[in-house]
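See below for the structure under consideration.
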Amino acid sequence: MIDLARNQRVDKTEFTILNKMMSRQAGELEAIDYSDVTPLQDTTLMLHFFGRSGTDKLDFREFSKFMTNLQWEVLEIEFTEFSKGLQTISESEFAQVLLRYTKLSPEVQEEQLQRVRDRLVREEGIRFEDFRLFFQFLNNLEDFSTALKMYSLAGHAINQEEFQRAVKACVGYTLAPHVVSTVFLLFDNDEDGSLSFHEFICILRDRLRGLNSRPVSADTPVEKFKRCVSQRLKDYDQ
């Protein structure tokens, strides 16, 4: 999309265009003047990618590796917040992470969390790898949304087996069964053993929007993310 030279490398100007696009609403993209791109301020990240002169090129594989490692570390920060050094977090703690930044009221969130606690037959705990794979799947939420809409248009909600098939179609793997069962306990409001489009996709879309618009303070995941970027750059340069 931004590799104007089609050489698998991005320069500072092309990267600036991407940042400009990301800061606009979808309907405003046509208004961007791509011939007049004001250079971005040289942040630590920009200096790392393009050098002090701003003439270095960013290789796609290098950038992809950087972002993958960074996403893993950000998820690990969130996981560690609940695990307190243990190998697993509880199913109810996993549910808490999912409900963060949604538009659900605190009362509704507590009601849903209590439902998980009450209906959970056996607590297995959720390992970081299972946690990571689930949130990696959420990066493909729109593809999954399309699959879920097909079930909705067919007149029925989706059960756990169908959920797993749709996940595999989107990302090429299935999720840990107890992770999926926890998701169903959390979002199956009418307790019929299946999920509707509204019960799952709409709420998690709201979560993503809330994640991007939440206020920033020193202890929020955003600030932890910034510290993580800084540390990753130090590690990367060693």
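Those letters in the sequence shown? Residues 22 to 259, by the working numbering. C-beta atoms are modelled at their ideal positions from N, C-alpha and C, and glycine is treated no differently.
Practice prompt. Might you give, ordered along the chain, the residues of its own chain that have their beta carbon closer than 6 Å to the beta carbon of glutamate 49, omitting 5 neighbours on each side?
Written response: Note that glutamate 49 scores 46 on pLDDT, short of 50, meaning its location in the model is unreliable; the coordinates nonetheless yield the value given after this. If we look at glutamate 49 and ignore the five residues flanking it on each side, it has no Cβ neighbours.
Worksheet item: Counting Cβ pairs, one atom from each stretch, are 3 or more of them under 8 Å apart for the segment 130-140 and the segment 160-174?
Response: Flag = no, the segment 130-140 and the segment 160-174 do not touch.
Discussion item. Which residue wins for smallest C-alpha separation from leucine 216, given the options Ser202, Leu96, Asp227?
Written reply: Nearest of Ser202, Leu96, Asp227 to leucine 216, Cα basis: Ser202.
Worksheet entry | Limits of the unbroken alpha helix (DSSP H) element including glutamate 123 | At residue 123 the sequence reads threonine, which differs from the glutamate that was named. Run containing threonine 123: none; DSSP gives neither H nor E here.
Worksheet item: Under three-state DSSP, which class holds aspartate 209?
Response: Coil at aspartate 209, not helix or strand.
Practice prompt. Answer yes or no: do threonine 123 and aspartate 227 have a C-beta to C-beta separation smaller than 8 Å?
Written response: Result yes, Cβ atoms of threonine 123 and aspartate 227 sit closer than 8 Å.
Practice prompt. Using the Cα positions of leucine 162 and isoleucine 222, report the straight-line distance between them to the nearest angstrom.
Written response: If you take the alpha carbons of leucine 162 and isoleucine 222, they lie about 8 Å apart.
Worksheet item: When DSSP labels each residue in this structure, what does aspartate 151 get in the three-state scheme?
Response: Helix, per DSSP.
Worksheet item: In terms of residue numbering, what span does the alpha helix (DSSP H) encompassing cysteine 223 cover?
Response: Per DSSP, cysteine 223 lies in no alpha helix (DSSP H) segment and is marked neither H nor E.
Discussion item. Suppose contacts are defined by Cβ-Cβ distances below 8 Å. Is arginine 319 in contact with glutamine 181 by that definition?
Written reply: With the chain running from 22 to 259 in the structure shown, residue 319 is simply not present.
Discussion item. Judging by CA-CA distance, which residue of Glu112, Glu150, Gly146 is the nearest neighbour of arginine 136?
Written reply: The shortest C-alpha to C-alpha distance from arginine 136 to any of Glu112, Glu150, Gly146 is the one to Glu112.
Item to complete: Take the Cβ of valine 118 as the centre, count every other Cβ of all protein chains shown within 10 Å, and call the residue buried at 16 or more, exposed below.
Response: A residue is called buried once 16 or more other Cβ atoms fall within 10 Å of its Cβ, and valine 118 is buried on that count.
Worksheet item: Taking buried to mean at least 16 other C-beta atoms within 10 Å of its own C-beta, is phenylalanine 36 buried or exposed?
Response: It counts as buried.
Fill in: As assigned by DSSP and simplified to three states, the class of aspartate 80
Taken through DSSP and simplified to helix, strand or coil, aspartate 80 comes out as strand.
Fill in: Cβ-based burial, valine 204 [other Cβ within 10 Å; buried from 16]
Burial call: buried.
Discussion item. Quick check: tyrosine 194 and leucine 225, are their CB atoms within less than 8 Å of each other?
Written reply: Against a cut-off of 8 Å, the Cβ pair of leucine 225 and tyrosine 194 comes out as no contact.
Worksheet entry | C-beta contact flag for valine 192 and phenylalanine 158 at 8 Å | Yes.
Worksheet item: Quick one: what does DSSP say threonine 109 is sitting in, helix, strand or coil?
Response: Of the three classes helix, strand and coil, the one that applies to threonine 109 here is strand, per DSSP.
Worksheet item: With 16 other CB atoms within 10 Å as the buried threshold, where does methionine 88 fall?
Response: In summary, methionine 88 is exposed, with fewer than 16 beta-carbon neighbours lying within 10 Å of its beta-carbon over all protein chains present.
Worksheet item: According to DSSP, is valine 31 helix, strand or coil?
Response: Note: valine 31 maps to strand in three-state DSSP.
Worksheet item: For alanine 116, does the count of other Cβ atoms within 10 angstroms reach 16, so buried, or fall short, so exposed?
Response: So alanine 116 counts as buried.
Worksheet item: Under a Cβ-count criterion, where at least 16 other Cβ atoms within 10 Å of its own Cβ denotes burial, should aspartate 211 be classed as buried or exposed?
Response: So aspartate 211 ends up on the exposed side.
Worksheet item: Among all the DSSP beta bridges, which residues are the ones paired with isoleucine 98?
Response: Bridge pairing for isoleucine 98: absent [DSSP].
Worksheet item: I think leucine 196 touches glutamine 133, with their Cβ atoms under 8 Å apart; what is that distance to the nearest whole Å?
Response: The pair is not a contact, with the Cβ atoms about 19 Å apart (cut-off 8 Å).
Item to complete: Excluding the 5 residues preceding and the 5 following glutamine 259 in the sequence, name in chain order all residues of the same chain whose CB lies nearer than 6 Å to its CB.
Response: Its pLDDT being 48, under 50, glutamine 259 is placed unreliably in this model, and the value from its coordinates should be taken loosely. Around glutamine 259: no qualifying Cβ.
Worksheet item: In whole angstroms, what is the alpha-carbon distance linking glutamate 128 and histidine 219?
Response: Straight-line Cα distance between these residues: approximately 19 Å.
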